[in-house]
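To keep things clear, I will list the structure first and then write my remarks on it.
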Amino acid sequence: MNSQVTAPLSPGTGLYLEIPTRMYLSCSRGIMVAKSVRLIGDNRSHLDLAIKKVVDIWSCIHHPSVAPLICIPADLGPHHVPLVLRTPYYPGGDIVIYHKNNPESDIISLIAQFVEGLRFLHAHGIVHGGIRRSNVVVDKDGFALLTDVGIALATGAHDVRSLAPEVSLYEGESPRVAFTTASDVYALGMLLFEIIASERPFARKLDSQIAYQIAKGVRPPKPKVLSAVGEQLWPLIEMCWSADPAKRPSVDEVSAYIRNLQQ
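Quick note: the sequence shown uses this note's numbering, first residue 2, plus one each step.
Structure follows, in structure tokens:
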């Protein structure tokens, strides 16, 4: 199975990120996913270095709630050669799709599982930078993991719906401050909203409208109909959305909140 995504990178770079994705069978590791990260454009040397740094970090991470980076080339190679990232294939899909296809699944446990992965990253000073549904996958045993650690930070291929106001891209500008653990927590709040609402944040708005609204303090409204779990998670979601990064909970506090719901 093959697919391809081409996305613009940070404004002003003149670069695009092309990610052809294919599945293949490894005799030793079973079904794998290969993502060929190709940077299209002339001014790419700084992005090559950024991606190398991310790959160095991700390949050294070993935690049950973080998808492993299995195999990478020793060098990015010449201009026309992409960087190939290989990870296991996760048949459950992303967390939203998995829960939709398996409504009996314990969504609180799934959330607790991938949040532990984020706790591990933050405890080691690592910012994920791309917390969104496509980067939380579910394995064959129904266990949720984080993937694509740091890739969005290296490439600038962000989802505007997940960007905290302090790093939101507005009117073609670059982020005003660096991404932090607090901006990860904000993005986590948006993901939790998508899980309980079964729709994307700002689902009926254009990307060009969203950054402006976020900067003005607008957040997705509370769904009129929520499950019991959704009602339990809503206070946490609102805390994660705080405009002031210092007022957002740490991922340790998020984890404690989730564990309390499991009792």
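Even for Gly, the Cβ is constructed at its ideal location relative to N, Cα and C.
Short CB-CB distance (under 9 Å) between residue i and chain B
i	result
I127	Chain labels in this structure do not include chain B; a single protein chain is all it has.
C-beta contact flag for residue i and residue j at 9 Å
i	j	result
G126	A153	no
P221	F203	yes
G93	V150	no
Q233	L207	no
H64	G118	yes
L146	Y91	yes
V97	L189	no
S169	P246	no
T148	A51	no
P69	P89	yes
I238	F180	no
S209	K101	no
Cut-off 6 Å between Cβ atoms - residues of its own chain near residue i, not counting five sequence neighbours on either side
i	result
G231	I197
D160	R133
S29	Below a pLDDT of 50, predicted positions are generally treated as unreliable, and S29, at 43, falls in that range; no measurement from the model is reported.
H81	Bear in mind that a pLDDT of 46 at H81, under 50, signals an unreliable position, so the number given afterwards is only what the model happens to contain. Cβ within range, chain order: n/a, list empty.
K141	P92
Residues bridged to residue i [DSSP beta-bridge criterion]
i	result
D95	V138
V67	L147
Three-state secondary structure assigned by DSSP to residue i
i	result
S251	coil
V55	helix
A244	coil
G231	helix
R260	helix
I132	coil
I62	coil
L207	coil
S11	At S11 the pLDDT is 41, less than 50, meaning the model places this residue with poor confidence and gives no usable figure here.
P221	coil
P236	helix
Sequence-distant residues of the same chain with beta carbon closer than 7 Å to residue i, five excluded per side
i	result
I109	V230, I259, L262 and Q263
Y187	A165, C241, W242 and R249
G218	A244
R162	M191, R201, P202, F203 and I211
S135	D95
V178	E167 and V168
Distance cut-off 8 Å: residue i Cβ against heavy atoms of the ligand NAP
i	result
H125	What this structure holds is no ligand at all, so the ligand NAP is not there to describe.
Neighbourhood of residue i by C-beta, 8 Å cutoff - its chain only, sequence neighbours within 5 removed
i	result
T182	H123, V128, S251 and V252
S228	I197
Q114	S66, F144, A145 and L146
V137	D95, I96, F115, A145, L146, L147, T148 and L192
(request) Give, in chain order, every unbroken run of the alpha helix (DSSP H) that is at least 4 residues long and sits entirely within the stretch 97-127. (result) Correct list: 108-124.
(request) Ignoring anything shorter than 4 residues or poking outside the stretch 150-199, list the alpha helix (DSSP H) runs there in chain order. (result) Segments of the alpha helix (DSSP H) lying fully in the stretch 150-199: 152-156 and 182-198.
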